[in-house]
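The letter at position 117 of the sequence shown is residue 106 when you use my numbering, and the numbering goes up by one with no holes.
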Amino acid sequence: MLEGVPGEGENPASVTQLCTAAGFDPGGARSAAEAIVGLLRLSGAVLTTEDTATGDLRVRAKSPVADLFLKSLAAYVRSGTPVVDHWARAGTVEPPYLPNQVLVGPQFLHLIEARRLALDPKAAALRDGRIVQILIKTRFPLLGQRYLMIYDRAARQYQLPGGHLRPDDSGPLAAAVRELEEELPEFAFDARRDRLNPLGEVEVVQQSRTYGAVTRYQMIFFQLSTTRRGLPVGPDGHWVSERALLDEQAMVRGRTVNATGLHRLISALPGGLDRMTPGLSLGRRPSLAMLMREKPWEVLGVLVGIAGLVVTVVQIAIDVGSN
């Protein structure tokens, strides 16, 4: 049937006749024609018209490339080879895409869902999810306020600690405790020194970076307050500034940041994040590597100043010794 669709410049063909010629039972060819045309329209490769006399649908390829696309699909059908595969794999990547990435199930779904959302910003969500997210705020000497973000390997981006509620979670609080214990190395929640304070709930509709589908998320936020003097964050954890946390264009270690729900939340918080009391006092100074990463010019200026002082002292010592 695909091979019989006329190309550009040819007269449109009756879809019912194409189906009959392709071997469909004449009695069911009309119904099959409507279903097939519906699928072909999804590709955008065909032009369809309706015969006003018979009500029959007529079809032809939109262009030479569209004609070749239909023939390519026909070749796939004949060989029994799928166009898109690896549907069991989860996770999507940022563009530019490699050829073998575009036709991987979740990536392909992400692309077509992105187009659906671009065409209709109010597009219906295909799935629902309940998520807990935990805000962990501290203050570093010299650096100021910082917030903990965790790299999500499936979504390939940084986000607040947390994750989906599971069926065996007794509620959002239990899910938040479980997520902290899973994401922070050697962390065991202790009610005598750890508290999770509710901050609020927001609803966000956006694409899932794991599955690619437009998803409606109910996000439940907590802030961790603790008397601990240290918090192991592991290799996937990173302390970021408020600007990096909330700037939609910010990159952390070359990866994007997902804080859409937090944007919605802080609009209802008095004073926003800046006036929120830090829930963690680390009791240590930032490392030189962290200072270099966060304030490179300031650190460079200090080092140049120290070097200049050392040179001056050495020069004075030489002059004194020579006299």
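Glycine included, C-beta positions come from ideal geometry on N, C-alpha and C.
Between F58 and H75, the alpha-carbon positions lie close to 22 angstroms from each other. Residue ranges of uninterrupted alpha helix (DSSP H) with 4 or more members, entirely inside the segment -3 to 25 and ordered along the chain, are 4 to 10. Beyond the five residues adjoining it in sequence on each side, R182 comes within less than 8 angstroms, by CB distance, of T215, T216, R217 in the same chain, given in chain order.
Rounded to the nearest whole angstrom, the CA to CA distance from S159 to E102 is 33 angstroms. Residue environment: R142 is assigned as exposed (fewer than 16 neighbouring CB atoms within 10 Å of its CB, all protein chains considered). Counting C-beta atoms within 10 angstroms of its own C-beta, M240 has fewer than 16 neighbours from the protein chains shown and is therefore classed as exposed. When secondary structure is reduced to three states using DSSP, V73 falls in the coil class, being assigned neither helix nor strand. Rounded to whole angstroms, the gap between the alpha carbons of V26 and T204 is 29 angstroms. The C-alpha of K126 lies about 29 angstroms from the C-alpha of D157. G189 places its beta carbon less than 8 angstroms from that of L254. V91 and R47 do not touch by the CB rule: their CB atoms are close to 32 angstroms apart, not below 8 angstroms. Between A165 and I123, the C-beta spacing is below 8 angstroms.
Shown here, E231 sits in a helix according to DSSP, grouped into three states.
Contact annotation: K51 and A34 have beta-carbon atoms nearer than 8 angstroms. Between L98 and A202, the C-beta gap is smaller than 8 angstroms, which places the two residues in contact.
In the DSSP annotation of this structure, the continuous segment of the alpha helix (DSSP H) that includes I255 starts and ends at 249 to 255. Across the set T43, Q304, R244, the C-alpha of R244 shows the shortest separation from the C-alpha of P84.
In terms of Cβ geometry, G268 and L213 form a close pair [threshold 8 angstroms]. The criterion of a C-beta distance shorter than 8 angstroms is satisfied by P150 and E172. In the DSSP assignment, P187 is bridged to F211. Excluding five sequence positions before and after R49, the CB atoms of its chain that fall closer than 8 angstroms to its own CB belong to V(-6), P(-5), G(-4), E(-3), E(-1), N0, P1, A2, V35, L36, given in chain order. When the beta-carbon positions are compared, V246 and Y147 come within less than 8 angstroms of each other. According to DSSP, residue pairing for L124 in a beta bridge involves Q212. Fully contained in the segment 35 to 109 are the following beta strand (DSSP E) runs of length 3 or more, in chain order: 35 to 39, 46 to 50. When rounded, the separation of the alpha-carbon atoms in L234 and H252 is 10 angstroms.
Secondary structure remark: continuous alpha helix (DSSP H) runs of at least 4 residues inside the segment 118 to 175, in chain order: 161 to 172.
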